[in-house]
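The structure under discussion appears below in the form of structure tokens.
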Amino acid sequence: GLANTLAWVDGDANLVFAIEAFTDRDTMVRMAESMEPGPTPSPLPNYCPAWVPEGYRKTGERGGFQTRIANYRKEDMELSFTVSLTEEARLADAFELDMTAERVSVLEVNGTEAVFIPGEAGSNRLCWLDINTGVALELTAQEDLETLQRIARQIVQVD
Numbered sequence: 049g050l051a052n053t054l055a056w057v058d059g060d061a062n063l064v065f066a067i068e069a070f071t072d073r074d075t076m077v078r079m080a081e082s083m084e085p086g087p088t089p090s091p092l093p094n095y096c097p098a099w100v101p102e103g104y105r106k107t108g109e110r111g112g113f114q115t116r117i118a119n120y121r122k123e124d125m126e127l128s129f130t131v132s133l134t135e136e137a138r139l140a141d142a143f144e145l146d147m148t149a150e151r152v153s154v155l156e157v158n159g160t161e162a163v164f165i166p167g168e169a170g171s172n173r174l175c176w177l178d179i180n181t182g183v184a185l186e187l188t189a190q191e192d193l194e195t196l197q198r199i200a201r202q203i204v205q206v207d
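Adding 48 to a residue's 1-based position in the sequence shown gives its number in my numbering.
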């Protein structure tokens with residue numbers, strides 16, 4: 049079956065709300081009436097690489113409030129830069145990593161712990177956290193560790 053949707057507007061706060069559920073109208077109205085305002089989440093800080101290897105050009109960006117992915121392409125090679133809000137304080141938890149796996153190398157990026165994971169198909173990952181802003185950052189590309197580190201060192205936060 050199809051889910052029912054109940055939507056309403058709070059004109060004072062300029063907010064739109066919606067509930068989508070497999071339940072009846074009266075239950076959905078009771079759910080809506082029982083909602084209380086919670087804390088407003090922090091917006092995702094805007095990060096971008098100030099440098100990418102020669103030949104790459106940005107081909108797109110997607111995402112929203114919690115995650116943003118910027119894609120770059122050079123001939124048949126791709127590079128992606130992902131920024132995500134996280135409440136995790138540990139790298140292994142934020143990226144769901146097995147830090148004891150033999151392929152995982154622990155290193156440092158911009159003064160913080162990072163991990164390098166070589167890809168089986170040549171697409172390598174470099175992951176790290178910015179605990180000051182609650183953001184997980186990840187570069188994925190068919191580039192070596194040195195190149196990924198160079199890109200990571202030049203990630204800047206912009207307004």
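Glycine included, each C-beta is placed from N, C-alpha and C at the ideal position.
Reduced DSSP category for T75 - H, G, I as helix; E, B as strand; rest coil: T75 falls in the helix class under three-state DSSP.
Integer Cβ distance of L145 from V154, believed to fall under 8 Å: Taking a contact as a CB-CB distance under 8 Å, the pair L145 and V154 does not count as one, their CB atoms being some 10 Å apart.
L92 to D72 span [Cα, whole Å]: Taking the straight line joining both Cα atoms gives about 35 Å.
Beta strand (DSSP E) runs contained entirely in the segment 85–137, provided each spans 3 or more residues: Within the segment 85–137, the runs of beta strand (DSSP E) at least 3 residues long that lie entirely inside it are, in chain order, 94–97, 105–111, 115–122 and 125–133.
Cutoff 6 Å; reference T181; Cβ partners in own chain excluding five residues on either side: Closer than 6 Å at Cβ, skipping near neighbours: P93.
Counterpart residues of Q205 in DSSP-defined beta bridges: In DSSP, Q205 forms a bridge with Y95.
Of the listed residues A142, W176, T148 and A98, nearest to V157 (C-alpha basis): Ranking the options by Cα distance to V157, first place goes to W176.
Whole-angstrom distance between V64 and K106, CA atom to CA atom: CA-CA distance, K106 to V64, rounds to 33 Å.
Pairwise C-alpha distance: F143 and E135: Roughly 11 Å between the two C-alpha positions.
Alpha-carbon to alpha-carbon, M147 and K122: Each residue's Cα considered, the two are about 31 Å apart.
Own chain partners of V206 with C-beta closer than 7 Å, once the 5 adjacent residues on each side are dropped: Annotation for V206: N94 and C96 place their beta carbon closer than 7 Å to its own, counting only its chain and skipping 5 residues before and after.
Three-way DSSP call (helix, strand, coil) for D141 in this model: Note: D141 maps to helix in three-state DSSP.
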